[in-house]
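S.K.: Chains as they are written, first to last, in our numbering: chain C, 1 to 113; chain X, 114 to 225. All residues carry an ideal CB built from backbone N, CA and C; glycine is no exception. As the structure is a prediction and not an experimental result, all values here were calculated from the model.
1) Is it the case that the Cβ atoms of residue 88 of chain C and residue 106 of chain C are separated by a distance below 9 angstroms?
2) Closest Cβ-Cβ distance between residue 158 of chain X and chain C: below 9 angstroms?
3) According to the Cβ coordinates, are residue 144 of chain X and residue 195 of chain X closer than 9 angstroms?
4) Going along the chain, which residues of the region 191-216 of chain X sit with their C-beta nearer than 7 angstroms to a C-beta in chain C?
5) Which residue or residues does DSSP assign as beta-bridge partners of residue 123 of chain X?
6) In its own chain, which residues sit with a C-beta less than 7 angstroms from the C-beta of residue 121 of chain X, not counting the 5 before and 5 after it?
7) Could you check whether the region 37-48 of chain C touches the region 124-132 of chain X, counting it as contact only if at least three pairs of C-beta atoms, one from each stretch, sit closer than 8 angstroms?
8) How would you list, in chain order, the residues of chain C whose beta-carbon sits under 7 angstroms from the beta-carbon of residue 166 of chain X?
9) Any residues in the region 80-111 of chain C with a beta carbon nearer than 7 angstroms to a beta carbon of chain X? Which ones, in chain order?
10) What does the alpha-carbon distance come out to for the pair residue 25 of chain C and residue 5 of chain C?
11) Using beta-carbon positions only, say whether residue 157 of chain X and residue 177 of chain X come within less than 9 angstroms of one another.
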């Protein structure tokens, strides 16, 4: 079946530290991959996406590369800020259906000053 | 610049009560979705509407019904609330099925 596995949180970092959130997937076909971010009290917002192997999505200093060989889509940011504290969700769009999204469980990131 | 609007934001119900969660989008999107978010489980799809006039079950539809009232509005109804339905409910919309989804701010529902 289709699934998304993310590293468990919370991930606690100091400001300006390097952030990596691991995400691996299983899927039939060639899914598109996404990272969403959820700030406290808000809904999810699309952060970045990649639609095919070796594509790199980037936004707001975050990057993720679609690695077909390792079925991964790890999220990275070189220097986090307190304002990056949020829950991050990895997701895939299932290609063998009408386009349903499968979300991971989410990883909470806490950045301290 | 409203996007996806959900009402109410918070609600407490007693077991057995009924409730309708409202969702409206102003982006002229064709597809709309209802998810529930529970700790450690991410988002699970309850129902979706690929286009106006159609609705289909998602991953966890039991205990819920939906109505796509028009292109803008997609409501979720709990006919007889149960404690297991305590969750945060999110409505989302997308331009078409499979496109990135835009989310509302959620409804936090507690059932006692």
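M.R.: Let me spell this out:
1) yes
2) yes
3) no
4) 203, 210, 211, 213, 214 and 216
5) X:221
6) 220
7) no
8) Correct list: empty, because the minimum Cβ distance to chain C is about 15 angstroms.
9) 89, 93, 98, 99, 100, 101, 103, 104, 105 and 106
10) 6 angstroms
11) no
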